[in-house]
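Quick note, the sequence shown lines up with residues 2 to 563 if you use the working numbering.
A virtual CB, placed ideally from N, CA and C, is assigned to each residue, including glycine.
Predicted model only: the values in this text are computed from it and were never measured.
Down below is the structure, laid out as structure tokens.
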Amino acid sequence: MKLSKSFVPTLKEVPTDAVIPSHILMLRAGMVRMLSAGIYSFLPLGYKVIKRISDIIREEMDAIGGQEFHLPALNPIEIWEQTNRVEAFGDTMFHIKNRDYVLAPTHEEIMTYHAKGVLKSYKELPQIWYQIQTKFRNEPRPRSGVIRGRQFLMKDAYSFDTSFENLDKSYELHDKAYRAIFDRCGINYFVVGASSGAMGGSKSEEFMVKSDAGEDTVAFCESCKYAANVEVATSVVNSVARIDDSKELFEVSTPNIKSIDELCGFLNINENQTAKSRIYIHDEKPVLVLMSGNDEVNETKLESVLGGNVRPGHPEELKDITGADAGSIGPIGFKHRIIADLRLKDGNNLYSGANKNDFHIGGIDMKRDVPNVEYFDLRTIQSGETCTKCGEKLEVFKAIELGHIFKLGTKYSEGLGANFLDENGKENPIVMGSYGIGVERVLACYLEQNHDDNGIVWDKSLAPFQIHLMGLNMKKDSVVEASEKLYKDLQAEGYEVLFDDRSTVQAGFKFNEADLLGMPVHIIVGDKKLAENKVEIKIRKTGERMDVSLDELSSKLKELLA
Ligand code: ATP
Ligand code: MG
Numbered sequence: 002m003k004l005s006k007s008f009v010p011t012l013k014e015v016p017t018d019a020v021i022p023s024h025i026l027m028l029r030a031g032m033v034r035m036l037s038a039g040i041y042s043f044l045p046l047g048y049k050v051i052k053r054i055s056d057i058i059r060e061e062m063d064a065i066g067g068q069e070f071h072l073p074a075l076n077p078i079e080i081w082e083q084t085n086r087v088e089a090f091g092d093t094m095f096h097i098k099n100r101d102y103v104l105a106p107t108h109e110e111i112m113t114y115h116a117k118g119v120l121k122s123y124k125e126l127p128q129i130w131y132q133i134q135t136k137f138r139n140e141p142r143p144r145s146g147v148i149r150g151r152q153f154l155m156k157d158a159y160s161f162d163t164s165f166e167n168l169d170k171s172y173e174l175h176d177k178a179y180r181a182i183f184d185r186c187g188i189n190y191f192v193v194g195a196s197s198g199a200m201g202g203s204k205s206e207e208f209m210v211k212s213d214a215g216e217d218t219v220a221f222c223e224s225c226k227y228a229a230n231v232e233v234a235t236s237v238v239n240s241v242a243r244i245d246d247s248k249e250l251f252e253v254s255t256p257n258i259k260s261i262d263e264l265c266g267f268l269n270i271n272e273n274q275t276a277k278s279r280i281y282i283h284d285e286k287p288v289l290v291l292m293s294g295n296d297e298v299n300e301t302k303l304e305s306v307l308g309g310n311v312r313p314g315h316p317e318e319l320k321d322i323t324g325a326d327a328g329s330i331g332p333i334g335f336k337h338r339i340i341a342d343l344r345l346k347d348g349n350n351l352y353s354g355a356n357k358n359d360f361h362i363g364g365i366d367m368k369r370d371v372p373n374v375e376y377f378d379l380r381t382i383q384s385g386e387t388c389t390k391c392g393e394k395l396e397v398f399k400a401i402e403l404g405h406i407f408k409l410g411t412k413y414s415e416g417l418g419a420n421f422l423d424e425n426g427k428e429n430p431i432v433m434g435s436y437g438i439g440v441e442r443v444l445a446c447y448l449e450q451n452h453d454d455n456g457i458v459w460d461k462s463l464a465p466f467q468i469h470l471m472g473l474n475m476k477k478d479s480v481v482e483a484s485e486k487l488y489k490d491l492q493a494e495g496y497e498v499l500f501d502d503r504s505t506v507q508a509g510f511k512f513n514e515a516d517l518l519g520m521p522v523h524i525i526v527g528d529k530k531l532a533e534n535k536v537e538i539k540i541r542k543t544g545e546r547m548d549v550s551l552d553e554l555s556s557k558l559k560e561l562l563a
């Protein structure tokens, strides 16, 4: 592709609405342009990479027996009503005004609709159906460029099996295919087990990439690869040790002391000697949740411990329930259920609120004074804590979800009546799995991980072009002649070449732009080197430069781009 005739609108300045590297680089390198919040147009260079990623995905999906579909994005709403997902998606699903259509945010329903009545016998199963297609989601806060779009490309795959045992096999195949896809794309990822929540399945795993642009927070152990969303992550629990003999309970006046830090400062005690109280309302009844020091209640863990409906108590309710405001609440004299985090188990000589404004109680012995307390893991873990699997240190960081594999079970086949006849002629719902990859997210995550101060660093697997050829002074006939010939020869050898053939820009500009665009190998044609029958090669990733004679260029490129 000749740059003189191409639309690659690079930007010198960093666009103000872009903050994360991938977003900045995609805009600066002229790969995408924003049309509206969360809606991006892919320009030729960007779309080339999308096609590369799609090709890799197709090859790996075909390798596990996947068959490619292309389903409509415009769907009759009635199919979505049969699985109650109009309600489940709520405002995230786009509805067509005055027509009973929606724009599909995913395609479980439509694939299941096509399976129904067609996959009739166990003999026709298993099947793996997939597509790479546009999805629509009215994301409330589209940001971070294409990472969270309102329209985006998803590779979505669906497996159809006769039993849960066979679903396990389809799931494993996808797990393998996903690893192959992300490895080939050159992405450094890790896998987190997740609860599949609203999707109605039994097991699911998320393929994640560490990034400050992520909206998930995960705990990860580099040593044993334990990874979990902080909503469910655990670490080795260091209980607050029992100290000395338990004192009698005593009341202390703590005027205007509200936080744990203020309390510790005022009484000159350690955070470990305090128990913080939070009131939650569970199925209309109050529950006191006790945490050690500044540990925060992890509401996901709390919900799974309590079940049912849980919400924090409103400030106005607290006084009615306890007799005190937040900051002065505690377990002594509390008349309802009390649960505590495991770290407080059997602790003594603790301070907590007195259920009387501006007073705390000291000398609390959990065994003696809070005998009915129940202990659970209720805290959110922190970076640096110890891994329960291997004893090494856990790291907590933000991450982006690249892909997700789910064991769906029979939710959709039952909802839409997709049944098959088993070997005994008995009708059963088809057992399904669903498997998604965000295609633009693969691109964005690659860029998050592969750039330097000067721009993008493409690996040959995703690079839009393997070679960036530059004619330095395109006003000189010798340079024009030699670079035009190289352009033809290199393409004849099978390379995809971006040729900066412009006579209107300076060498410095060409170098900077080549670094920004980031093709793996740069070939620089200048008249001085040409006089010695040589060109210069630069490896983008390492910055290494070398002079290569035109006779040896072909073998050198084979070595570099093998
Ligand atoms: P998230 O939690 O980030 O919203 P999700 O759980 O809604 O993701 P899925 O419904 O599992 O995502 O969709 C499968 C894949 O599609 C995701 O793993 C992600 O890579 C991609 N994806 C989801 N939403 C978007 C979006 N708004 N923009 C771009 N890609 C997306
Ligand atoms: Mg989502």
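Rounded to whole angstroms, the gap between the alpha carbons of Glu402 and Lys557 is 39 Å. In the DSSP assignment, Ala276 falls within the unbroken beta strand (DSSP E) covering Ala276 to His283. Cα atoms of Ile282 and Leu104: separation of roughly 38 Å, rounded to the nearest angstrom. Using a Cβ distance threshold of 8 Å, Tyr123 and Leu417 do not count as a contacting pair. The ligand ATP approaches Arg138 closely enough that one of its heavy atoms is under 7 Å from the residue's Cβ.
Phe90 sits in a helix when the DSSP states are folded into three classes. Leu319 has its alpha-carbon roughly 59 Å from the corresponding atom of Asp63. Rounded to whole angstroms, the separation of the alpha carbons of Ala158 and Gln134 is 11 Å. Annotation: Lys511 to Val50 spans about 22 Å, alpha carbon to alpha carbon. Where Met35 is concerned, there is no enclosing alpha helix (DSSP H), although the beta strand (DSSP E) around it starts and stops at Val33 to Ser37.
Out of Leu12, Ala355, Tyr172 and Glu232, the CA that lies nearest to the CA of Leu250 is found in Ala355. Short note on Phe95: C-beta not closer than 7 Å to any heavy atom of the ligand ATP. Nearest in C-alpha terms to Phe377, of all of Gln68, Glu533 and Leu303, is Leu303. The ligand ATP approaches His405 closely enough that one of its heavy atoms is under 7 Å from the residue's Cβ. Non-local beta-carbon contacts of Tyr227 in its own chain, meaning distances under 6 Å to residues more than five positions away in sequence, involve Cys388 and Lys390 in chain order.
Here the alpha carbons of Arg503 and Phe137 stand approximately 40 Å from one another. The alpha-carbon of His523 is positioned some 20 Å away from that of Pro10. Within the same chain, Lys408 come within 6 Å of Lys204 by CB-CB distance, once the 5 residues on both sides are set aside.
The Cβ atoms of Val306 and Arg279 do not sit closer than 8 Å to each other. Under the three-state reduction of DSSP output, Trp130 falls in the strand class. Residue Gln383 holds the alpha-carbon nearest to the alpha-carbon of Leu395 among Glu285, His405 and Gln383. Within the region 305 to 373, the runs of beta strand (DSSP E) that reach at least 3 residues and sit entirely inside it are, in chain order, 311 to 313, 338 to 342, 351 to 354 and 360 to 365. For Leu487 against Val443, the beta-carbon gap comes to about 32 Å, at or over 8 Å, which does not count as contact. Closer than 7 Å to some heavy atom of the ligand ATP: that describes the Cβ of Ile438. In this chain, Ala228 is not harboured by any alpha helix (DSSP H); it is covered by the beta strand (DSSP E) spanning Ala228 to Asn230.
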